[in-house]
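This report refers to the structure that appears directly beneath it.
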Amino acid sequence: MSGLLLRHARLGAAVRDVLLAGGRVVAVADDLPTARGLDGLPGGTAVVEMDGATLLPGLRDEHVHLQQEAENRRRIDVTAARSPAEAAALVAAAVGEDAGDLLVARGFRDALWTEPADAAVLDAALPGRPVVLVSADLHTAWCSTPALRRLGLPEDSGVLREQEAMAVYARAGQVSADVLDGWVLEATDAAAARGVTAVVDLEYDDLLGAWARRARRREGGPAVRVRAGFWEDHLERVLAAGLRSGDPLPGVPDPVAADRVRVGPLKLFVDGSLGTRTAYCHRPYPGVAGPEAHGVLRTPPDRLEELLRRAGAHGLDLAVHAIGDRATAIALDGFAAAACTGRIEHAQQVCPADLPRFAELGVVASVQPRHALDDRDAADRHWSGATGHAFPYGALVAAGAEVVLGSDAPVAPLDPWDAVASAVHRSLDERGAWHPEHSLELAVALAAASGGRRAVRVGDAADLVVVPEPPADVLARDGAAGLRATQVLGTLVAGRWTHRSASLG
Ligand SMILES: [Zn+2]
108 MSGLLLRHAR LGAAVRDVLL AGGRVVAVAD DLPTARGLDG LPGGTAVVEM DGATLLPGLR
168 DEHVHLQQEA ENRRRIDVTA ARSPAEAAAL VAAAVGEDAG DLLVARGFRD ALWTEPADAA
228 VLDAALPGRP VVLVSADLHT AWCSTPALRR LGLPEDSGVL REQEAMAVYA RAGQVSADVL
288 DGWVLEATDA AAARGVTAVV DLEYDDLLGA WARRARRREG GPAVRVRAGF WEDHLERVLA
348 AGLRSGDPLP GVPDPVAADR VRVGPLKLFV DGSLGTRTAY CHRPYPGVAG PEAHGVLRTP
408 PDRLEELLRR AGAHGLDLAV HAIGDRATAI ALDGFAAAAC TGRIEHAQQV CPADLPRFAE
468 LGVVASVQPR HALDDRDAAD RHWSGATGHA FPYGALVAAG AEVVLGSDAP VAPLDPWDAV
528 ASAVHRSLDE RGAWHPEHSL ELAVALAAAS GGRRAVRVGD AADLVVVPEP PADVLARDGA
588 AGLRATQVLG TLVAGRWTHR SASLG
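First residue of the sequence shown: 108, per my numbering; consecutive thereafter.
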């Protein structure tokens, strides 16, 4: 078994040699070749001089939508639009004359717009053109009239939310699975270049089939470990195949690739999102009356409990999307009633009384710190009076909850340094931190972005990242912006380089 010797790596305050073999960290010591003699190293051990660069546990992104991330990297970006007309004008300015194929743009945030999105606005700016705009939070689709016609949908305002929106996204892809697979693998390369060693993919698709196909396509598979999640409509098929979370995906002969792609969690939805005003909350949304004044309950509690019980009993991990405080309480109730545990995805509002229940039930809070910064103004408006318990990372950690970090890419950048910086300092601009009582200490945030690992230890998986200097030094000198700009020199998954800059050894 060949090995890899990382010479003179900085681990905390010390500079040591680190030996990797068989996918694990097998030794950490001063001057290993002298201590063991070169004969004591596994045959064919490669040596890389680290020159005092810092070695950290590999970073993880616990919540991504990789297919949409891959597509969004190529889509017209309307994030900057402050009104429907501006969004339409941005699309019109970015496209040529040639009408025809369905055009997809991304990133609009209408929570602070004073006028509603409407098909008529797109029709006026892009006459005759089938256009779909995907909202930044991935919970709204805004279609032009020709797009509605193309998709066989009723010709109305063209604004679809929740399940209907996600069905439109799934049908709006313009490229073959083959091309898309190539793009997704490129997106894993980009993630590895930011130090990511593992992701949980929660895309709306037949992800198990898609990831088995992608793992066969490239020797060694994707550049990150992937836990391929699946939605409720695939549950019976997964159960019939006898698959459990953590199992390798069937049909991947290459052992390196097979180790990387595994069955992930069942993804369930309790509610919608803040940006779409469908997060399910105790307080009504200001100015909203009627049955959706408190948001949208996508899965009723009894159905949720039944699904959790059935999937949990078959060894499947459970990832429950809950954003509003009422939805978070329902998700916790569901885990308690079904006598199983899992993760709550987002947990953007948590009532103080519910905080200790995470630790009591062993439920993990899977959170995306960048959302707190992107949505602070929307939250101040639509969750007015309830922002004291919004994005409450500090309170969750203080209550003993296990917190893990992610991006929800493409909703936020697929970049754990951005997630860590956002958790540490809750502001993206010159304003002070938003509810600084809920920020995390750097060491806590880094551990939450590293699957709980705080140091490189013998016996750990050789999933590692190399950066020029300790993150604490960067934060002390350059603040959160410096952390965000962290240069990643190298990334290893099971002791194999998935990213390696020229400056490294
Ligand atoms: Zn998501």
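Think of the CB as a built atom: it goes at the ideal place given N, C-alpha and C, for glycine as much as any other residue.
Everything numeric in this text was worked out from a predicted model, so none of it was measured.
- In this structure, L315 places its C-beta atom within 8 angstroms of the C-beta atom of A335.
- The beta carbons of R167 and V185 sit no closer together than 8 angstroms.
- Ranking L111, N179, G130 by CA distance to the CA of P362 puts G130 first.
- About 20 angstroms separates the CB atoms of A317 and T605; that is not less than 8 angstroms, and the two are not in contact.
- With a threshold of 16 other beta carbon atoms within 10 Å, A519 meets it and is buried.
- In the displayed model, D124 falls within a strand according to three-state DSSP.
- For D515, the Cβ falls inside the 7 angstroms cut-off from some heavy atom of ligand 1.
- Take S264, set aside five residues on each side of it, and the residues of its chain with a beta-carbon closer than 7 angstroms to its own are D225, A226, in chain order.
- Each residue's CA atom was taken as its position, placing D208 and P237 some 7 angstroms apart.
- Set against 7 angstroms, the gap from the CB of H170 to the closest heavy atom of ligand 1 is smaller.
- Taking 8 angstroms as the cut-off, the beta carbon of L503 is found no closer than this to the beta carbon of V527.
- With a threshold of 7 angstroms, the Cβ atom of L309 counts as near ligand 1, since some heavy atom of the ligand is closer than that.
- Taking a 10 Å sphere around the C-beta of P517, we find 16 or more other C-beta atoms and assign the residue as buried.
- Around the beta carbon of V303, 16 or more other beta carbons sit within 10 angstroms, so the residue counts as buried.
- Along the region 286-353, the beta strand (DSSP E) occurs as fully enclosed runs of 3 or more residues at 303-308, 332-338, listed in sequence order.
- With fewer than 16 other Cβ atoms inside 10 Å of its own Cβ, L219 counts as exposed.
- By the 16-neighbour rule on beta-carbons within 10 angstroms, S352 is buried.
- Residue range 210-215 is occupied by the beta strand (DSSP E) that includes R213.
- Excluding the 5 residues flanking it on each side, A195 has same chain C-beta neighbours closer than 6 angstroms at V228, L229, A232, in chain order.
- Only buried fits T383, as 16 or more other CB atoms lie within 10 angstroms of its CB.
- Contact annotation, H170 with S608: C-beta distance approximately 27 angstroms; criterion of less than 8 angstroms not satisfied.
- Taking R405 as reference, the option from G449, K374, P578 with the minimal CA-CA separation is K374.
- Considering only R123, V600, G589, the residue with the shortest C-alpha distance to D158 is R123.
- Just so you know, the alpha carbons of L258 and L267 end up roughly 12 angstroms apart.
- The alpha-carbon of G327 is positioned some 49 angstroms away from that of R390.
- V185 carries a coil assignment under DSSP once its states are collapsed to helix, strand and coil.
- Straight across, the Cα-Cα distance linking L163 with P261 is about 53 angstroms.
- Inclusion of A279 and V239 in the CB contact set at 8 angstroms is warranted, their separation being smaller than that value.
- Relative to the Cα of A505, the nearest Cα in the group P523, A472, S529, A579 belongs to A472.
- One Cα belongs to E412, the other to Q475, and the distance between them is close to 25 angstroms.
- The continuous stretches of beta strand (DSSP E) do not include L535, and DSSP gives it neither H nor E.
- Rounded to whole angstroms, the Cβ separation of L127 and L111 is 5 angstroms, and the two are in contact under 8 angstroms.
- Contact between D312 and A348 does not hold, since their C-beta atoms are separated by about 17 angstroms, which reaches or exceeds 8 angstroms.
- Around the C-beta of G371, 16 or more other C-beta atoms lie within 10 Å, and the residue is accordingly described as buried.
- When secondary structure is reduced to three states using DSSP, E452 falls in the strand class.
- Taking 8 angstroms as the cut-off, the Cβ atoms of D461 and A429 do not count as close.
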